[in-house]
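I have placed the structure first, in the form of structure tokens, so that the comments after it can refer back to it.
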Amino acid sequence: AFVFFFQMLYPFRAVNDDRAATAGAAGGCVLLRRDALVRAGGLAAIKGSLIDDCALAKAIKTTGGRLWLGLGENSHSLRAADGLGALWAMVRRSAFTQLHHSYAVLLGTSIGLLLIFVAPPLLFLTCYWHSQVPAAAMAGAAWALMGLAYQPTLRAYDLPAWVGFTLPITAALYGAMTVDSGLAYWRGQGGAWKGRHYDSLATPPDIHK
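For the sequence shown, this note's numbering begins at -1 and goes up steadily by one.
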């Protein structure tokens, strides 16, 4: 699901298009030409960026470099993400940064997730009580279409097609993680990584010390 939502933010086709401004990367596996890195200003160019992989991609693309972002079939992650807690911490660490620390954008994002992903199945499943058959039919179609849109990602990871119908639950969880990210920033605990916080209302520590 993380890959599915990541592609909504950074469409692979747009990232790989030299004419498009969209730039993104996945920090788990990045291959980079040395001359492109030097031309972009080296790692110093992204030293203040919490979402460093995408910041690096932007630096490369804006200095004339080319990008390719896609799903690799021959790379394997060695970092364990067993259980919801690890996934929650991963999203919580950078979600509010992705929203440019705007609580207005956070509110809009939360409402958008609820309306697009959560409301349709709720409207469909509660048809017996509200008796709005046309509305329930459209909601059911929307639920089916979001499950259909999820299928390419599921196939890439050898997951069964029926998992597509659980996308509303996943979207609700990601919305909660994003809200939690905003709350963590407010409490001065944003960008938690290895016991340190790099993204908060307080001045963050120098990550290079």
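Just so you know, even glycine gets a beta-carbon here, dropped at the ideal spot from N, CA and C.
ask   = Is the beta carbon of L251 less than 8 Å from the beta carbon of A102?
value = Since the first residue shown for the chain is -1 and the last is 207, residue 251 is missing from the structure and cannot be characterised.
query = Excluding five sequence neighbours on each side, which residues of the same chain lie with their C-beta closer than 7 Å to the C-beta of N14?
reply = As a first step, residue 14 must be located in the sequence shown, where it is residue number 16. Excluding positions up to five away in sequence, the list reads L65, W66 and L67.
message = Taking its Cβ as the centre, do 16 or more other Cβ atoms sit within 10 Å of A139, making it buried, or is it exposed?
response = On the sequence shown, residue 139 is found 141 positions in, with the first residue counted as 1. Result: exposed.
Cβ pair count under 8 Å reaching 3, the stretch 72 to 81 against the stretch 150 to 168 = no
Cβ-based neighbour list, H206, same chain, cut-off 8 Å, excluding 5 preceding and 5 following = As a first step, residue 206 is located in the sequence shown; it is residue number 208 there, counting from the start. Any reading at H206 must be qualified, since the residue scores a pLDDT of 46, below 50, and its modelled position is unreliable; no value is offered.
query = Based on Cα-Cα distance, which residue from F4, R31, L29 and G26 lies nearest to T20?
reply = The residue given as residue 20 occupies position 22 in the sequence shown. Checking every option, the nearest Cα to that of T20 belongs to F4.
key: Close-in-space but distant-in-sequence residues of the same chain around A200 (CB under 7 Å, 5 per side omitted)   = Reading the sequence shown from its first residue, position 202 is the one you call residue 200. Model confidence at A200 stands at a pLDDT of 48, short of 50, so the residue's coordinates are unreliable; what they give is reported in the following sentence. If we look at A200 and ignore the five residues flanking it on each side, its Cβ neighbours are G186.
inquiry  = Is there a Cβ of chain C sitting closer than 8 Å to that of A53, yes or no?
reply    = No chain C is part of this structure, which consists of one protein chain only.
ask   = Around the C-beta of W191, are 16 or more other C-beta atoms found within 10 angstroms, so that it is buried, or is it exposed?
value = Locating residue 191 in the sequence shown gives position 193, where the first residue counts as 1. So W191 counts as exposed.
request  = Quick one: grab the DSSP three-state call for D204.
outcome  = Numbered from 1 along the sequence shown, position 206 holds the residue referred to as residue 204. Caution is warranted here: a pLDDT of 49 is assigned to D204, below 50, making its placement in the model unreliable, and no coordinate value can be reported.
inquiry  = What does the alpha-carbon distance come out to for the pair A55 and G62?
reply    = Locating residue 55 in the sequence shown gives position 57, counting from the first residue. Locating residue 62 in the sequence shown gives position 64, counting from the first residue. When rounded, the distance between both Cα atoms is 11 Å.
task = Tell me, please, which residues DSSP counts as bridged to R17.
result = Residue numbering aside, residue 17 sits at position 19 when the sequence shown is read from its first letter. Per DSSP, none; premise fails for R17.
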